[in-house]
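Below is one structure, written out as structure tokens, with a few remarks after it.
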């Protein structure tokens, strides 16, 4: 008995080809089969024939999986089969990218300005899902072209990148390409926007762990390049004083620290303003003492000795890297002036106290209490005698000072008494 069996097979890498097989059983239980593309019959026992059928089924399943994988990668079968013989034409690829760029540009032009930010965020999320690095670079370069053509503002694009939830150091390609894009377009951002971008870069650096392997160094280097470009004085992106001010505010009194990879860069920039801080300050100012006169004072004589009434620190100009001694409370200076006779006017000028405002100064109360304690200690050490001692004149001076400051409500007498009670 002879009949024709039609089954799908795979020939020449094409899953759509249908092989036609002929088979017939012989009297001795053997089967003769022949494909339609062969001229001779081949004789096989039945067990071997079934083994061939099972192998063919497994091969068909594998070929179907390969076909699905091919569709996923969007590669044509003929293009893959003849990849060694294809001639690539860059001009066609460039034309294709140009068409995509034109379509994207048309979409953002038609989008209202208040909705463009949402579109850029969605675009970045889509780009972050790309596993092909060349495709990712192409998408971000198209976004850069929109910025260069003034279709999208550079500041908005940079802020969307830094706010993107997909911008994580574990996604190395996306992280590096995004910061490279910021480096290329940040020149079109105003100084206020650059200040916010610098702040965002520092915050992103804090998300990277301090202990890391070499695979994360490209991400850190891309981030460091952006900050170096912002710090470059020749780029004129942000005034140097603003940069120092932001760094000093972000890391005050050594309470927190930047990432170790950026620590040298930040500290070097701050140290570059050390000479400027010396120019606008007085060297050894904390060790000097003024000459207290009994008459009025001109402003230019008082200005170097002005103190903050709350902290008793010098009124320094700007947030510069001054000498640490100048940044400490100058309690010794105020106490020295209080000990001098006829110093009430100078104390008021130093602390900025005005009679008509009746402003209470807690720091002044504390120093008056300390002077009273010091006078009590001196009185205990002096021998009893009928002659007038030095502590006698000290008590007269302190009583005069207390009456004056309490009278004009610069100090509270009940608070002074309670402070003396606690210390004694």
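In our numbering, the protein residues as written are 25 to 448.
In this text, a Cβ means the ideal position worked out from N, Cα and C, and glycines have one as well.
Here the structure is a predicted model, which means the values were calculated and not measured.
If I'm right that residue i touches residue j with Cβ under 8 angstroms, what's the distance once you round it to whole angstroms?
i	j	result
residue 384	residue 425	That belief does not hold up - the Cβ atoms of residue 384 and residue 425 are roughly 16 angstroms apart, past 8 angstroms.
residue 350	residue 305	6 angstroms
residue 215	residue 262	5 angstroms
residue 197	residue 160	6 angstroms
residue 125	residue 150	Actually they are not in contact, since the Cβ atoms of residue 125 and residue 150 sit about 16 angstroms apart, beyond 8 angstroms.
residue 250	residue 206	5 angstroms
residue 289	residue 271	Rounded, the Cβ-Cβ distance is 10 angstroms, inconsistent with contact.
residue 316	residue 361	6 angstroms
residue 415	residue 403	5 angstroms
Cβ atoms of residue j and residue i: under 7 angstroms apart, would you say?
i	j	result
residue 193	residue 243	yes
residue 392	residue 358	no
residue 131	residue 178	no
residue 202	residue 185	yes
residue 419	residue 399	yes
residue 370	residue 331	no
residue 338	residue 379	no
residue 259	residue 247	no
residue 435	residue 389	yes
residue 234	residue 281	no
residue 152	residue 190	yes
residue 188	residue 148	yes
Identify the residues that DSSP records as bridge partners of residue i: which are they?
i	result
residue 331	338
DSSP state of residue i, grouped into three classes?
i	result
residue 283	coil
residue 414	helix
residue 316	coil
residue 108	coil
residue 428	helix
residue 381	coil
residue 140	helix
residue 252	helix
residue 369	helix
residue 212	helix
residue 232	coil
residue 217	helix
residue 195	coil
residue 442	helix
residue 113	coil
residue 406	coil
residue 433	coil
residue 172	helix
residue 189	coil
residue 257	coil
residue 300	helix
residue 265	helix
residue 447	helix
Compare the Cα-Cα distances from residue i to each of the options and report the closest residue.
i	options	result
residue 328	340, 334, 317	340
residue 312	283, 355, 271, 295	355
residue 294	344, 136, 124	344
residue 298	150, 399, 419, 347	347
residue 182	380, 379, 219	219
residue 240	114, 152, 105, 199	199
residue 141	180, 365, 316	180
residue 440	111, 396, 119	396
residue 364	308, 387, 401, 421	421
residue 300	158, 342, 314, 366	342
residue 445	394, 406, 428, 231	394
residue 223	256, 269, 204, 245	269
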